[in-house]
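Numbering (the working numbering), first residue to last: 332 to 453.
Notes to accompany the following structure.
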Amino acid sequence: MSSEEALGSALLVNEVGLHARPSVKFTQLAKRYAASVEFATRAEGPWIDAKSPVKVMRAKAPKGTTLHFRAKGADAADAVAAMVALVERRFDEHPEGAAGTAGTSGTSSTSGAVDDGGGEGR
Numbered sequence: 332m333s334s335e336e337a338l339g340s341a342l343l344v345n346e347v348g349l350h351a352r353p354s355v356k357f358t359q360l361a362k363r364y365a366a367s368v369e370f371a372t373r374a375e376g377p378w379i380d381a382k383s384p385v386k387v388m389r390a391k392a393p394k395g396t397t398l399h400f401r402a403k404g405a406d407a408a409d410a411v412a413a414m415v416a417l418v419e420r421r422f423d424e425h426p427e428g429a430a431g432t433a434g435t436s437g438t439s440s441t442s443g444a445v446d447d448g449g450g451e452g453r
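Written as structure tokens, this is what we have:
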């Protein structure tokens, strides 16, 4: 029974850092893996259980913080790769001032009726 270990890191670039919504996505993703998944705001630790919503929220990591990941178990490499990718994708949230991305469905808008491509700018 070999136990795989994996390490990785990613820079928090979303505006709110590791706050409420990102923390939920963070822990939900970590829980998909059998490996133990931990993160830290410094390479030397202290290490925090990425599967614990309370502990993740307590970290209060702001924008600009590098999150360091480590995982141990059969799917450790996949777990770390997924956690790094989530952070790099800004937790799949769009920046506040952005116009949204093409192909996004289910977004609310005050002017959702205009979709013909003509007359967008005056």
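Here a beta-carbon is modelled for each residue, glycine too, at the ideal position from N, C-alpha and C.
Limits of the unbroken beta strand (DSSP E) element including residue i
i	result
A341	336–342
The alpha helix (DSSP H) enclosing residue i, as first and last residue numbers
i	result
E419	407–419
A371	From DSSP, A371 is part of no alpha helix (DSSP H) but of the beta strand (DSSP E) over 367–371.
V347	Element bounds for V347: n/a, residue is neither H nor E.
A390	384–390
7 Å CB neighbourhood of residue i in its chain, flanking five on each side removed
i	result
V418	A341, L343, L398
A407	E335, E336, A337, A366
A390	L349, T372, I379
Residue(s) in a DSSP beta bridge with residue i
i	result
T397	L342
R402	Reading the sequence as shown, one finds Ala at residue 402 and not Arg. Partner(s): A337, V368.
D380	E369
For residue j and residue i, believed in contact at Cβ under 8 Å, the rounded distance
i	j	result
V411	A405	Incorrect: roughly 13 Å between the Cβ atoms, too far for contact.
K394	E424	Rounded, the Cβ-Cβ distance is 12 Å, inconsistent with contact.
A361	A381	4 Å
Same chain, Cβ closer than 6 Å to residue i, neighbours up to 5 away in sequence not counted
i	result
A351	none
M388	S354
G339	F400, V411, V415
8 Å CB neighbourhood of residue i in its chain, flanking five on each side removed
i	result
G428	Low confidence applies here, because G428 scores a pLDDT of 46, under 50, leaving its location unreliable; read the following figure in that light. Correct list: empty, nothing qualifies.
F422	N345, R352, P353, K356, F357
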